[in-house]
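Just so you know, we're using the UniProt record's numbering here: the sequence shown kicks off at 1 and counts up by one.
Structure first, commentary second.
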Amino acid sequence: MGASSLWSLGLFAATASAGHLAAWWTNDFGPTLMMQDDASAGIRYSLCNSHNTPIFPNDTSITMPLLKFPPKNGTALAGGGWWDQKNVVASIFYFNQKNEIVNSLLQCDDRTGHWSNTGDYVISSGAPKAANNSDLSMALLGAKEGYRVLYNGLDGAVQLLSYNNDNGWRYGGVAYNASSSANVIASIYPPADTNITLLVPRDSQNMGLARFYGDNTWHIESFPTPLNATVNNTIITNSTNPNSIHLNATFVPTYSLPAWDGKPKSMGMAEDSSWTRSVFYVGTDKQLHQIGNLDYKWLVFDRPSNNASWPQSDDGYLAVANDFNSDSLRVYYMSNGKLIEANGDSGKWQSALVLPSYNATAPAPTNTPTNNPGSEAGTGENSSELSTGAKAGIGVGVTLAVLAIVGIVVAVILLKRRQKRQQEADAAAAAAGSTVGGSTAYSGAATEPKYQDSPSTAYGVPGELHSEHTGTTAGGSGGDGGYYYYNNNQPPPQHQQYNSNQMYELPDQSRRAEMIGEGHYKEAP
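Structure follows, in structure tokens:
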């Protein structure tokens, strides 16, 4: 079998068992990608020293070091990352084999591009249990506000977990409690904006929407068909009885969601610097589709004129990496057995490319010819004698072999010493307190160490962060159990009634925009 055939076989073997994906944008470094391998349940990843275009190795043994809480097969994934002035750091979320939500902190080795594990935490202790097929969505809000994580409860409602350095992890209540047809969550949180948007499949014709507002509630809506007004004409929120939330039966929409059956494998959201929100999904036709919000209306966006920009999807899973400030947008999914990147930077879709498996610009190793015509060896006719040069070469080779063996022995001794020191450090850390379990915010949960707000600690200072897998929520609302979450501009809120005069889309948003995509939309497919 030729070398090219072997390469093709290796590529196919590396990508044929792909599962859920997650992607995020790390400051000025670019997108980072991870994907579960269904055969091993390991979480494969792009090299963390990649820039602009992720390098995704074919070697399926290169996986996230998640030995303490191995991920379950079929887990949803979410993640984000930042540069802490010294290292590239990642914070990822997944379900372990007990269906608990785990947060793992990782640090990049810039020499190898591999991640090392700096801490694992079960964050869902004490919160409502997750559905076995729950999705995950998260946002990094910065050093002060921390994380928001969304997941599906047993009844399909979208639940909220919140973290900051003052309070640790807490349960934040229900963010979306209306109907849904699949446990899929897409969400987005742009910098310097408290209007967080999450989307779910509502039914075979509509998407459900929840948006966090300054009144500390999630406003619930639906499109293309809107919801029916409540009896007293108040805004429908996450506090509204879900049994009273219904579609407007008399409304006739002017468009329909293309190739939509309400059961996508995944969805991903993006938002550009003009605050134009978009959601991506793979339809029943195996094609990528984009729905966007313009002038407070959700509309179908046209496909790129170049069909090569959005090739057909193999399995329906996708992930979106989006940088708000630079208008960078990448969509990742499997196509024709290969992991591809659809590049929509600045609203201009390029031809999709297959992600490279190695750094093609790295210097190649120097090759030494094995048969040098000018060498002394074998120059004599029918010669069975070794030349002087060949004998000298053997002597050098033996010397080098001895030195290599000595080097290996020394390396093994040093490695054992290092492992012993690490074991002693781990034992000391275990004696100081376990990182397993919920935070003190959960009633009856084990104590979880607070993550310190310092670049020298595991969590570091995220600063200005951008992370989209299904993106995010920020802020939060008064939730079950009296836990409260607040946006970037408010102190912790008190119990209060929502303002029934607020609109679903804030009218004071003066930012207008050409949408992500090619700037075209239509009201009918």
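Virtual Cβ for every residue (Gly too), placed ideally from N, Cα, C.
In this text, all values refer to a predicted model and were calculated from it rather than measured experimentally.
- In this model, residue 134 and residue 103 are separated by some 16 angstroms (Cα to Cα).
- Taking a contact as a CB-CB distance under 8 angstroms, the pair residue 341 and residue 329 does not count as one, their CB atoms being some 11 angstroms apart.
- Taking 8 angstroms as the cut-off, the beta carbon of residue 90 is found no closer than this to the beta carbon of residue 320.
- By the CB criterion at 8 angstroms, residue 65 and residue 97 fall outside the cutoff.
- Excluding residues up to 5 positions away in sequence, 224 and 225 lie with their Cβ nearer than 7 angstroms to the Cβ of residue 253 in the same chain.
- In the displayed model, residue 309 falls within a helix according to three-state DSSP.
- Here residue 345 carries a helix assignment [DSSP, helix/strand/coil].
- Residue 36 sits buried, since 16 or more C-beta atoms from the chains shown fall within 10 Å of its C-beta.
- Judged by DSSP in its simplified three-state form, residue 293 adopts strand.
- Sequence-distant partners of residue 259 (beyond 5 residues in either direction) whose C-beta falls short of 8 angstroms from its own C-beta, in its chain, are 283, 284, 285, 287 and 289.
- Under the DSSP definition of a beta bridge, residue 114 partners with 109.
- Cα atoms of residue 291 and residue 51: separation of roughly 29 angstroms, rounded to the nearest angstrom.
- If only complete runs of 4 or more residues are kept, the stretch 34 to 93 shows no alpha helix (DSSP H) anywhere.
- The three-state reading of DSSP puts residue 244 in helix, counting H, G and I together.
- In this structure, DSSP gives residue 184 a state outside helix and strand, which the three-state scheme calls coil.
- The three-state reading of DSSP puts residue 145 in coil, since its state is none of H, G, I, E or B.
- Look at residue 320 here: in three-state DSSP terms it is strand.
- Residue pairing of residue 219 in beta bridges, as defined by DSSP: 211 and 237.
- Residue 110 has its alpha-carbon roughly 29 angstroms from the corresponding atom of residue 189.
- In the three-state reduction of the DSSP assignment, residue 129 falls in the coil class, being assigned neither a helical nor a strand state.
- Put simply, of 246, 152 and 147 the residue whose alpha carbon is nearest the alpha carbon of residue 168 is 147.
- In the same chain as residue 182, and ignoring 5 residues on each side of it, the C-beta atoms closer than 8 angstroms to its own belong to 200, 201, 262, 263 and 264, in chain order.
- By the Cβ neighbour-count rule, residue 152 is buried, with 16 or more other Cβ atoms within 10 Å of its own.
- The three-state secondary structure of residue 123, taken from DSSP, is coil.
- Residue environment: residue 63 is assigned as buried (16 or more neighbouring CB atoms within 10 Å of its CB, all protein chains considered).
- Judged by DSSP in its simplified three-state form, residue 301 adopts strand.
- Cβ contact annotation for residue 352 (same chain, cutoff 8 angstroms, sequence separation greater than five): 308, 309, 310, 311, 335, 340, 341, 342 and 343, in chain order.
- Per DSSP, residue 159 is one residue of the beta strand (DSSP E) stretching across 158 to 164.
- For the set 178, 180 and 158, the Cα lying nearest the Cα of residue 171 is the one of 158.
- For residue 98, DSSP records no beta bridge to any residue.
- Going by DSSP, residue 197 is part of the beta strand (DSSP E) stretching over 196 to 201.
- In the structure shown, residue 262 adopts coil according to DSSP, grouped into three states.
- Contact between residue 67 and residue 55 is ruled out by a C-beta separation of about 24 angstroms, above the 8 angstroms threshold.
- Note that the C-beta distance between residue 105 and residue 119 is below 8 angstroms.
- In this model, residue 73 and residue 45 are separated by some 16 angstroms (Cα to Cα).
- By the CB criterion at 8 angstroms, residue 175 and residue 267 fall outside the cutoff.
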